[in-house]
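Colleague: Mind the numbering: the sequence shown is residues 49 to 319 in the numbering used here, read in order.
In this text, a Cβ means the ideal position worked out from N, Cα and C, and glycines have one as well.
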Amino acid sequence: MTVTTTASIRWHELTNTGSKNLFIETTGDGPDVVLVHGLGGATPFYDPLVNDLATDFRFTRYDFNGHGRTPLSGELSIDTLTEELAEVIQTQTAAGKAHVIGHSMGTLVVQQLAATRPELVDRIVLLGPVRGQPDKAKAATRDRATTVRTKGMSAVADNISQGATADQAAQHNPLVRPLVRELLLGQHPESYAQACEALAAAENPDLSKITAQTLLITGDEDGVSTPATNEAMKAELTNAERHTITGIGHWTVLEAPDFVADFVRTFLTNS
């Protein structure tokens, strides 16, 4: 495992990307890779991946609208998050084009960008990929928005950190669940609630329009992004491969950092 030093990390407090001021971190040298976290996530979600691969790639990761250290600004929807990702690629990468990796809700953003702005993406990686939610899940997501507005993030952090991670992964690394819990507790309740509503309102991007080579990775205990969901997505994509990691749930990078890094390195470097 390669550990980066602080000298190789460029920190930006808030960076203007055109229409938004975002918290952005840039690490490493090599081909550009832009990282998009999911609902309740932030840039530290990708720390294990960046630390392993920063000698091979130049990573740009950012806290999307209303998450982590980026303040909420304007409308929050899959469409506006997609515009935000496009601006990050256009303003923060050397060629205005990049490999793009997304997790969970962030994969909807990556799917949308790859389907509508193919000139901005090279290869894409979808970690715990999701599609538009069925009605029952939409209702539950909107209920979660109501809960955090009235009771705060502590009302959901324990259940999510326990339920969305696998026991085997937590036993292997006892810090997994506390890390997920800390990411959630660090979110502003109103911003998180609006992101929940954006997820509930999301429609399915047209996978048939994605021409980029695509890698899908999920866990065999991921109840949000099941192996069956990933197989169905692979069938709709033009050029895709997928992997299921045993003994992990939905917080892919934190639960199986070495496996994810190996899969990503191989996928992005193979010609």
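Can you check DSSP and say which residues form a bridge with residue 117?
Modeller: To locate residue 117, count along the sequence shown from 1; it is residue 69. Note: residue 117 sits in no beta bridge, so no partner.
Colleague: If contact is defined by three or more beta carbon pairs under 8 Å, each pair taking one atom from either stretch, is the segment 190-208 in contact with the segment 288-296?
Modeller: No contact exists between the segment 288-296 and the segment 190-208.
Colleague: For residue 305 versus residue 119, is the C-beta spacing smaller than 8 Å?
Modeller: Counted from its first residue, the sequence shown places residue 305 at position 257. Counted from its first residue, the sequence shown places residue 119 at position 71. Taking 8 Å as the Cβ cut-off, residue 305 and residue 119 do not qualify as a contacting pair.
Colleague: Hey, how far is the Cα of residue 302 from the Cα of residue 213?
Modeller: Against the sequence shown, residue 302 aligns to sequence position 254. Against the sequence shown, residue 213 aligns to sequence position 165. Spanning the two alpha carbons is a distance of roughly 9 Å.
Colleague: Just verifying my parser: in three-state terms, what is the DSSP assignment at residue 164?
Modeller: Counting from 1 along the sequence shown, the entry for residue 164 is found at position 116. Correct three-state label for residue 164: helix.
Colleague: To the nearest whole angstrom, what separates the beta carbons of residue 152 and residue 180, a pair I think is in contact under 8 Å?
Modeller: Translated into positions along the sequence shown, residue 152 becomes position 104. Translated into positions along the sequence shown, residue 180 becomes position 132. In this structure residue 152 does not touch residue 180 by the C-beta definition: roughly 13 Å separates them, more than the 8 Å allowed.
Colleague: Beta strand (DSSP E) containing residue 81: first to last residue?
Modeller: Sequence index remark: in the sequence shown, residue 81 carries index 33 (1-based). Where residue 81 is concerned, the enclosing beta strand (DSSP E) stretches over 80-84.
Colleague: Using 10 angstroms around the beta-carbon of residue 239, count the other beta-carbons present and answer buried if the total reaches 16, otherwise exposed.
Modeller: Taking the sequence shown and counting its residues from 1, the one referred to as residue 239 is at position 191. Per the 10 Å Cβ criterion, buried.
Colleague: Select from 298, 166, 141, 124 the residue whose C-alpha is nearest the C-alpha of residue 256.
Modeller: Taking the sequence shown and counting its residues from 1, one reaches residue 256 at position 208. Nearest C-alpha to residue 256: 166.
Colleague: Buried or exposed: where does residue 184 fall if 16 or more other Cβ atoms within 10 Å of its Cβ makes it buried?
Modeller: Taking the first residue of the sequence shown as 1, we reach residue 184 at position 136. Exposed.
Colleague: Can you pull the DSSP bridge partners for residue 292?
Modeller: Counted from its first residue, the sequence shown places residue 292 at position 244. Looking at the DSSP assignment, residue 292 forms a beta bridge with 266.
Colleague: Beta-carbon separation of residue 110 and residue 91 under 8 Å?
Modeller: The residue given as residue 110 occupies position 62 in the sequence shown. The residue given as residue 91 occupies position 43 in the sequence shown. For residue 110 and residue 91, yes; Cβs fall inside 8 Å.
Colleague: Hey, is residue 283's beta-carbon within less than 8 Å of any beta-carbon in chain D?
Modeller: Looking for chain D here will not work: only one protein chain is present.
Colleague: State the start and end residues of the unbroken alpha helix (DSSP H) segment that holds residue 95.
Modeller: For the purposes of this step, residue 95 is taken as the residue at position 47 of the sequence shown. Where residue 95 is concerned, the enclosing alpha helix (DSSP H) stretches over 95-101.
Colleague: Since residue 146 is in the beta strand (DSSP E), which residue starts that stretch and which ends it?
Modeller: Translated into the one-based positions of the sequence shown, residue 146 becomes position 98. Looking at the DSSP string, the run of the beta strand (DSSP E) that includes residue 146 is 146-151.
Colleague: Comparing C-alpha positions only, which one of 70, 173, 93, 100 sits nearest to residue 226?
Modeller: Against the sequence shown, residue 226 aligns to sequence position 178. Nearest of 70, 173, 93, 100 to residue 226, Cα basis: 93.
Colleague: If residue 81 sits next to residue 106, beta carbons under 8 Å apart, how far is it from one beta carbon to the other, in whole angstroms?
Modeller: For this step, residue 81 is matched to residue 33 along the sequence shown. For this step, residue 106 is matched to residue 58 along the sequence shown. Contact between residue 81 and residue 106 holds, with the beta-carbon distance rounding to 7 Å and staying under 8 Å.
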